[in-house]
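> Submitted below is the structure of interest, expressed as structure tokens.
There are 2 protein chains.
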Amino acid sequence: MRAQCLEMSIPNGSTYRIYLSRGLLDGVGEKTASLVAGRKALIVSDANVAPHYLERVCGSFARGGFEVAHEVVAAGEASKCLENASRLWDACARCGLGRDGVVVALGGGVVGDLAGFVAATWLRGVACVQVPTTLLAMVDSSIGGKTALDIDAGKNLVGAFAQPVLVACDFETLATLPEAEWANGFAEIAKSAVIEGGGFYEWLAAHAEGLRGRDYTVVQGAVARSLVFKGRVVAADEREGGVRECLNYGHTFAHALEAAAGLGTVSHGRAVAEGMRFAARLGTEAAGVTESFVAQQAALLDALGLRALDAAWPADELFARMAFDKKARGGMLRFVFATAPGIWQTMTVDADLVKIHLILWEQGVG
Amino acid sequence: MRAQCLEMSIPNGSTYRIYLSRGLLDGVGEKTASLVAGRKALIVSDANVAPHYLERVCGSFARGGFEVAHEVVAAGEASKCLENASRLWDACARCGLGRDGVVVALGGGVVGDLAGFVAATWLRGVACVQVPTTLLAMVDSSIGGKTALDIDAGKNLVGAFAQPVLVACDFETLATLPEAEWANGFAEIAKSAVIEGGGFYEWLAAHAEGLRGRDYTVVQGAVARSLVFKGRVVAADEREGGVRECLNYGHTFAHALEAAAGLGTVSHGRAVAEGMRFAARLGTEAAGVTESFVAQQAALLDALGLRALDAAWPADELFARMAFDKKARGGMLRFVFATAPGIWQTMTVDADLVKIHLILWEQGVG
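Quick mapping for you: the protein sequence lines, in order, are chains A and B. According to numbering that gives the first Met the number 0, the first sequence is numbered sequentially starting from 0. According to numbering that gives the first Met the number 0, the second sequence is numbered sequentially starting from 0.
Here is the structure:
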């Protein structure tokens, strides 16, 4: 497995680099030193990740000439809150982090979103380096520039668009990754491959067993392909609304399921995989999806260990969650449908048809 | 006095309009209707402004087809806090304000900054309409795209850059403006004229008495000239760091004075005017400012009723505040100097020289 570096473009003309390799933690500070003028860094991590990797990252930034401060938040989605943002802003003030300073997110998606939002809003925006330590964060939240906090009314309702100056995916950090987190990453990779189609889909179908078996060469290949896909989508549409909508494939259902089941009961990855299955079946009536594609996608998800869920939740509750999400965001009840690998569309779907399919799903027949 | 409309450009290529007139409150909703796709509006105001104008603005948005919600915060700088931002985000959620919705800031700079930040971060950014009701907000905070909150560590430390979609300056709202607020606006206008120089400076020197006497034709002229000046600066440098630094003329001293005196003891306008006088005197040693310019600027400020302060605060305390500001922002002890109307530069100044001038100022001899 050799090191890779991907260059990501964003619509305003600037670019940033994503490094893919093992052992990057020990060099990320030096790499950052050439990108920012200041020499103050605040490193943000969580209680799961910090014991394993915080010291190495702090050491790397110190070697890069930085005066380093760090903050460790509790692990888990509940940390993506206003109270932690406030605490991190205070930490920025304490260490005198100026406009030329840098905030480093060392952790999964929660840390990435939280630290990314703090960087985007401290002094109206300072540099952010993302060091994702979960497979999902590597392929998803660490790029695209979406940062966010959760509030009582819902997840990700408060946030900012802000691109990182550098992303360092160190595959060594996956050694300590729990089982459910692997599934989260696999689902995101599967979603990307279905939307992208072509070579990526075929490659993943051929390498699903290797990925599931955590062959690191395959893992890196999957991450790189996912990033190239996502980078292209984001470059075309930095702010959501256009082609970027494709990234929500499986998510209308997944968000409702996660909310109905209670946060943490069903992992995001399992929920997205289930949402992809649901969208495909709904699409057979709503968008001309073929039974053959439903089966093809199911086989890919199965091969990645993302089996269909055994338990179901009440259809009316899921529908109410979808309707709430729709209201909270002022949008329509929209779904992304893939009709074949690489061919997708978004459609507003009749509420009654969605209800029927939720009932079929609850009964285990749809 | 006839209505005016200024078109402001921002670096990303988009533009927005600033309307200057009397009676705009009754039409701002209809004007907004053509700019945003959604029909939900959250109108934010404060307890001083709301009793006078909130109903008219709500009515205008209702006539524009909007479903209108409103929130009223306490008047004063203390309202620019995280707690109020949180309350407003909750209000956005309650009224189902989607990506196509709009947040309206009806009030002075505090409401503009607070509501502007909430708009910039709700769903990662929704449209914001600024309806400034103070002279200072009209010429300053309502344009430029700087939004912010205060935290314990300092003012404006948390924020975002986000341009409004529309600014409506209704001069009728100035009828209820307190004396100190007029001074705030005059100081900002004087600062702009000194930095811009040329026609603006000469016009203001000739019309200072009319402005001080609140001749509305002169007020509109001063606002329009200030906006054209500021719009050009912002267009050249949306994010602070380059030419936009000129807008900080008088502010290094003013921030320290306001902090040392205790918020609200010396108005921002008086502090900025005093800061311009201080910068000019410091500049005679640091930047080649002539005694003739010191006197010329003093005469302009006097004509606007912005007399030199009678009371002084301890030099060492002011210096400590400047040093703290420097530390919190990670920058240098920098001053903007004007050597003549229209000619300015920023310079890093030797700390001892600043101290000496603060002592002279404290003793009333410098």
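Beta carbons: idealized from backbone N, C-alpha and C, even for Gly.
1. When you compare only the Cα positions, how much space is there between LEU122(A) and LEU87(A)?
2. Since TRP343(A) is in the beta strand (DSSP E), which residue starts that stretch and which ends it?
3. Let me check understanding here. Comparing Cα to Cα, which of LEU156(A), ARG93(A), ALA36(A) lies closest to ALA92(B)?
4. Tell me the rounded alpha-carbon separation between GLY387(B) and VAL117(A).
5. Can the beta-carbon of GLY230(B) be found closer than 8 Å to that of LEU5(B)?
6. Alpha carbon to alpha carbon, what distance is there between ALA235(A) and ASN11(A)?
7. Starting from LEU81(A), find everything on chain B with Cβ-Cβ shorter than 9 Å and list it in chain order.
8. Which same chain residues, not among the five before or five after LEU352(A), have their C-beta less than 8 Å away from its C-beta?
9. Taking contact to mean 3 or more Cβ pairs, one atom from each stretch, closer than 8 Å, check whether the region 13–31 of chain A and the region 76–84 of chain A are in contact.
10. Taking its Cβ as the centre, do 16 or more other Cβ atoms sit within 10 Å of GLY106(B), making it buried, or is it exposed?
11. Quick one: which chain B residues come within Cβ less than 7 Å of ALA152(A)?
12. Classify TYR18(B) as helix, strand or coil using the three-state DSSP reduction.
13. Applying the 10 Å Cβ sphere with the 16-neighbour rule, what's the burial state of THR251(A)?
14. Take every Cβ of the region 129–136 of chain A, pair it with every Cβ of the region 179–189 of chain A, and state whether three or more of those distances are shorter than 8 Å.
15. At the level of alpha carbons, what is the spacing between MET321(A) and GLU29(B)?
16. Is VAL364(A) close to chain B? Criterion is C-beta to C-beta, closer than 8 Å.
17. Reducing DSSP to helix, strand and coil, say where VAL128(A) ends up.
18. So, at 8 Å on beta carbons, what are the nonlocal neighbours of LEU176(A) in its own chain, with the 5 sequence-adjacent residues on each side left out?
19. Of all the options ALA179(A), VAL102(A), ALA104(A), GLN344(A), which has the alpha carbon lying nearest to the alpha carbon of VAL193(A)?
20. Closest Cβ-Cβ distance between THR347(A) and chain B: below 8 Å?
21. If we require 3 or more residues per run, which beta strand (DSSP E) segments fall completely within the region 280–326 of chain B?
22. Check this for me: beta carbons of ASN47(A) and ALA74(A), under 8 Å apart or not?
23. Determine which residues share a DSSP beta bridge with VAL72(B) and list them.
24. To which residues of the same chain is ASP169(B) closer than 6 Å at the C-beta, ignoring the five residues directly before and after it?
25. So, does the CB of TRP312(A) fall closer than 8 Å to a CB anywhere in chain B?
26. Based on Cα-Cα distance, which residue from LEU210(B), ASN247(B), GLU273(B), GLN219(B) lies nearest to ARG1(B)?
27. Using a C-beta cutoff of 8 Å, does ALA327(A) count as contacting chain B?
28. Starting from THR146(A), follow its DSSP beta bridges and name the residues at the other end.
29. Looking at chain D, is there any beta carbon in it that lies within less than 8 Å of the beta carbon of VAL157(B)?
30. Against LYS145(A), what residues of chain B qualify as contacts under a CB-to-CB distance less than 9 Å, listed in chain order?
31. Do we get a CB-CB distance below 8 Å when we pair PHE318(B) with the residues of chain A?
Answer, in terms of the structure:
1. If I take the Cα positions, the gap works out to 13 Å.
2. 342–347
3. Per the Cα distances, LEU156(A).
4. In the structure displayed, chain B extends from 0 to 365; residue 387(B) sits before or after that span and is not available.
5. In this structure, LEU5(B) lies closer than 8 Å to GLY230(B) by Cβ.
6. 11 Å
7. Within chain B, the residues near LEU81(A) are LEU81, ALA84, SER85, TRP88.
8. LEU281, GLU284, ALA285
9. no
10. buried
11. Neighbours of ALA152(A) in chain B, taken as residues whose beta carbon is under 7 Å from its own, are ASP89, ALA92 in chain order.
12. strand
13. buried
14. yes
15. 32 Å
16. no
17. strand
18. Cβ within range, chain order: THR132, THR133, LEU134.
19. GLN344(A)
20. no
21. none
22. yes
23. Under DSSP, VAL72(B) takes part in a beta bridge, and its partners are ASP45(B).
24. Here the set comprises LEU23, LEU24.
25. Interface with chain B (8 Å Cβ-Cβ cutoff): TRP312(A) is excluded.
26. GLN219(B)
27. In this predicted model, ALA327(A) has a pLDDT of only 46, less than 50, meaning its place in the structure is not dependable; the value taken from the coordinates is given anyway. Yes, ALA327(A) lies at the interface with chain B (some Cβ there is under 8 Å from its Cβ).
28. In DSSP, THR146(A) forms a bridge with ALA159(A).
29. Going by chain labels, chain D is absent from the structure shown, which instead holds the protein chains A and B.
30. ARG123
31. no
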